[in-house]
Structure formats: structure tokens, C-alpha cells
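To start, the structure under review is shown below, and the notes come after it.
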Amino acid sequence: MSTAAIPGAPLPVRTPGSRARGRHRRPERPEIMAGSPALVLAVPTAAGPENRPVVEELLSIVRTEQSGIEVTAAYLGGEDAPTVAELLAAAAESGQPAPLVVPLVPGPHDFLPELHKLAAETGARVLDPLGPHPLLAEAVHVRLSEAGLARADRARLFAIATAADGVVLTTVGGEEAAASAGITGVLLASRLAVPVVPAALDVPGSVAAAVAHLRATGSERPALAPLVIGPEADPELLATAAEETGCASAAPIGAYPTVGQLIASAYLAALPEPTQEQLEAAEAAAEQQRTSPGAHAAR
């Protein structure tokens, strides 16, 4: 008997599988050269107990994805955690390569201008936000499935009485962020086979208007799906939107594995070409490992 037929049983959720073997295995990550820039994960809020667990879990995922990455999280403020300004200034004073800064946001956000300003003062480079991207659509889909608001995938045709027949993809960062979220919304709609409308949580009336649009076009059970990792949005905005519209809402994306993968991939794609000195150092290290007594014993 499948879990779908058991009342109250949790819905199956599609999650990333283990590393495949053989010709279809996942490509190996490139080696990080000695002297490569560090990765700074810029968190758009002050450090606090409500957001640090998500950030720490994402750092763990990044390190698992690529063990050679030197990655640190930096916040806009707070105690017992480095701020973006402090960390970038320290990196500039150390004489090490300027870090690559990945903003922990899925799209446009109000803190990006400040982040670019801080980076310009220290020579650091700010990479693009994490979205729009198909992996974010996957993450939102999974959160909807966990909340009982969507099928885990379209291949499983069991009925879900509470499944949404329309989705408002909520984000923060104003109308620009909502427009950017529309691209991820198209990807999500193709996964769910229901209409998806983007809206900005921080624009008064935006979410309510999106819900009204869905209802006017035939949706009887619209739901809210946060295109929000977590730290970048005020939790009260999410709660207020659900209360004011009377719609069920999925949880924020949080530390879903694909977010960590996006962070690692953004860093790897932005790495400069290795210098001749780095290549020679890497080759010397590899040769030393091949000729070490331990290597011969292993054979």
C-alpha cells in the first residue's frame, strides 16, 4: 500500500539523489587552486538565532559540494559574527586575492546597492543573485509539496484534496524582484501545471492583487509560495500575507540543498583563470603526492 493511500501520511517529496555512477555520473568538481579568492556569502540581515542555522547549513552544503572552497558568511550587522564591511576590509588588508561575494538572495534586493558599494571600496567582486534559476523552482516545488499544496511530481497521479490550483510566488525586493521572480514562476508553473503569479511582499497590496487575479481567472484554492531563502525577508511579511489573503502558504526555501549548489556553482564560474605559477604549484603538489612513500604503499 502506498503512502498516498494512507490518511494523514506525509506526502512523498522529491529530493536530490546520490551521486550517480557510470557514464551518467555527475561531473567532478574542478580543483580549487592554491591562492584562489575566498567566497563570502553576504547575508542581507543582522546575525541572529533565527537566521544563523539556515546560513550555517548552507555553508556546510557548499563545503560538501566543493571541499576546496574557503567560504565564510558575513552579515550586515549583529554580534558574534563578522559583518560584510569588516570581513571585506580585513581581506583587503591581508594582501590576499579579493574575495568573491555571493549575495544570499534569489533576485533583486534593497541591500545590493550597499553591498556593491562596500565591495568597490575594497576591490571585492559581487556576483549576481542566485535567481532566477530552475533549481529555485525545484526548491519552491518541494516546499509546496511538504505543505500538502502540490503533488511531489507530475508522474504521481494520486489526488490531493488540498492541492493549490493557483500559486502566488512571493518575494521581497519590490516590483523589480517580483518581475525577476516571474521567470522562476514560469518554471514553477511548468512543474505544477497550474498558473503562477509573482508578487512582492514588501509592496502594499501586491500579494492581495495577485490572489484576486487568480480567483478572478478560476482559481478556487490559491496558495502562497515564498521565493525567499529566509534571512532576506521579515517573517512578519510572510505571516501577514497569508492572514490577509486567507491563503495557505508553504515555508521559505531555507537551506534546501540546491541553494548550496547554486552558491558553489556561482563561485566556480566566477573564478579567474589560474596563473602559470598556480598551475606549476598544483603540478608539483600532485607529483609529490604520486612519489610519496604513502602513495607507493597504497599500491
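Going left to right, the sequence shown walks through residues 44 to 342 as my numbering numbers them.
From the three backbone atoms N, C-alpha and C, an ideal C-beta is built for every residue, glycine too.
- In summary, serine 233 is exposed, with fewer than 16 beta-carbon neighbours lying within 10 Å of its beta-carbon over all protein chains present.
- Across the structure, leucine 130 and glutamate 93 are spaced so that their CA atoms are roughly 22 Å apart.
- Within the region 158 to 229, the runs of alpha helix (DSSP H) that reach at least 4 residues and sit entirely inside it are, in chain order, 177 to 189.
- When beta bridges are read from the DSSP output, leucine 267 appears opposite Val211, Ser292.
- Counting the other CB atoms within 10 Å of its CB gives glutamate 181 a total of 16 or more, which places it among the buried residues.
- The C-beta distance from valine 169 to glycine 303 rounds to 19 Å, too long to meet the 8 Å contact threshold.
- Remark: C-beta atoms of valine 211 and proline 177 do not approach each other more closely than 8 Å.
- The three-state reading of DSSP puts proline 315 in coil, since its state is none of H, G, I, E or B.
- Judged by DSSP secondary structure, alanine 133 falls within the alpha helix (DSSP H) whose first and last residues are 127 to 137.
- For serine 110, the closest alpha carbon among the candidates Ile296, Ala81, Ala89 is that of Ala81.
- Boundaries of the beta strand (DSSP E) harbouring valine 144: 143 to 146, taken from the DSSP string.
- Take the alpha-carbon of glutamate 263 and the one of glycine 289: they are about 12 Å apart.
- Of the residues assessed, glycine 228 falls on the buried side of the cut-off, its CB having 16 or more other CB atoms within 10 angstroms.
- Judged by DSSP in its simplified three-state form, tyrosine 310 adopts helix.
- Note that the C-beta distance between leucine 314 and serine 79 is below 8 Å.
- Tyrosine 299 is a Cβ neighbour of valine 185, given a cutoff of 8 Å.
- Under the DSSP assignment, alanine 117 falls in the beta strand (DSSP E) whose first and last residues are 114 to 120.
- As the crow flies, the alpha-carbon of valine 114 is around 32 Å from that of alanine 242.
- Taken through DSSP and simplified to helix, strand or coil, leucine 101 comes out as helix.
- Between the region 156 to 174 and the region 239 to 257, the count of C-beta pairs closer than 8 Å stays below three; the two stretches do not touch.
- Taking 8 Å as the cut-off, the Cβ atoms of leucine 187 and leucine 244 do not count as close.
- Straight-line spacing of the CA atoms in glutamate 122 and alanine 259 works out to 48 Å.
- Per DSSP, valine 250 lies in no beta strand (DSSP E); the unbroken alpha helix (DSSP H) holding it starts and ends at 249 to 259.
- Residue Val240 holds the alpha-carbon nearest to the alpha-carbon of leucine 257 among Val240, Pro269, Gly273, Pro146.
- A distance below 6 Å between beta-carbons, with the five flanking residues on each side excluded, links glutamate 100 to the following residues of its chain, in chain order: Ala298.
- Here DSSP, grouped into helix, strand and coil, assigns leucine 84 to strand.
- Scanning Ala195, Pro172, Pro274 for the CA closest to the CA of tyrosine 310 turns up Pro172.
- Within the same chain, and ignoring the five residues on either side of leucine 161 in sequence, the residues whose Cβ sits closer than 7 Å to its Cβ are Val127, Ala128, Leu131.
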